[in-house]
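Participant: Each residue of the sequence shown is one higher than the one before, counting from 0 in numbering that gives the first Met the number 0. No residue lacks a Cβ here, since even glycine has one placed at the ideal position from N, Cα and C. Below: one structure in structure tokens.
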Amino acid sequence: MLERKQVKNRTHVTFVLPADTPPGPVSVVGDFNDWQPGAHTLQPRPDGVRAVTIPLPANSVHSFRYLAAGDYWFDEGQADGHDGTNSRITT
Numbered sequence: 000m001l002e003r004k005q006v007k008n009r010t011h012v013t014f015v016l017p018a019d020t021p022p023g024p025v026s027v028v029g030d031f032n033d034w035q036p037g038a039h040t041l042q043p044r045p046d047g048v049r050a051v052t053i054p055l056p057a058n059s060v061h062s063f064r065y066l067a068a069g070d071y072w073f074d075e076g077q078a079d080g081h082d083g084t085n086s087r088i089t090t
């Protein structure tokens, strides 16, 4: 799930997944972090999910995927679109 909050000329995008699906650590990897695994790892929240918030420039488009333990790559079901193998988000 994606949560968005406009803050001046930025959009804070929160990437949210269930606490245990998939199991193990998960990071969001995309053009906004030079596709670096572990740069934005989802952390547990009190409401029973895990999430990470990334401020992105407003009015921009970004490609991303999730990377879980065991080199398991997967897409966001609520993404704005896809460009082949990547999820896309428009801020």
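#1: Just how far apart, CA to CA, sit residue 22 and residue 37?
#2: Grab me the residues of residue 18's own chain with a C-beta within less than 7 Å of its C-beta, minus the 5 sequence neighbours each way, in chain order.
#3: Report all residues from its chain with a CB closer than 6 Å to the CB of residue 90; omit the five preceding and five following residues, and keep chain order.
#4: Hey, would you say residue 28 sits closer than 7 Å to residue 34, going by beta carbons?
#5: Below 8 Å on the Cβ atoms is my guess for residue 52 versus residue 13; work out the distance and round it to an integer in Å.
#6: Leaving aside the five residues before and after residue 85 along the sequence, list all residues of the same chain whose C-beta is less than 8 Å from its C-beta, in chain order.
Facilitator: In short:
#1: 15 Å
#2: 43, 47, 48 and 49
#3: 10, 55, 57 and 59
#4: yes
#5: 4 Å
#6: 29, 62, 63, 64 and 74
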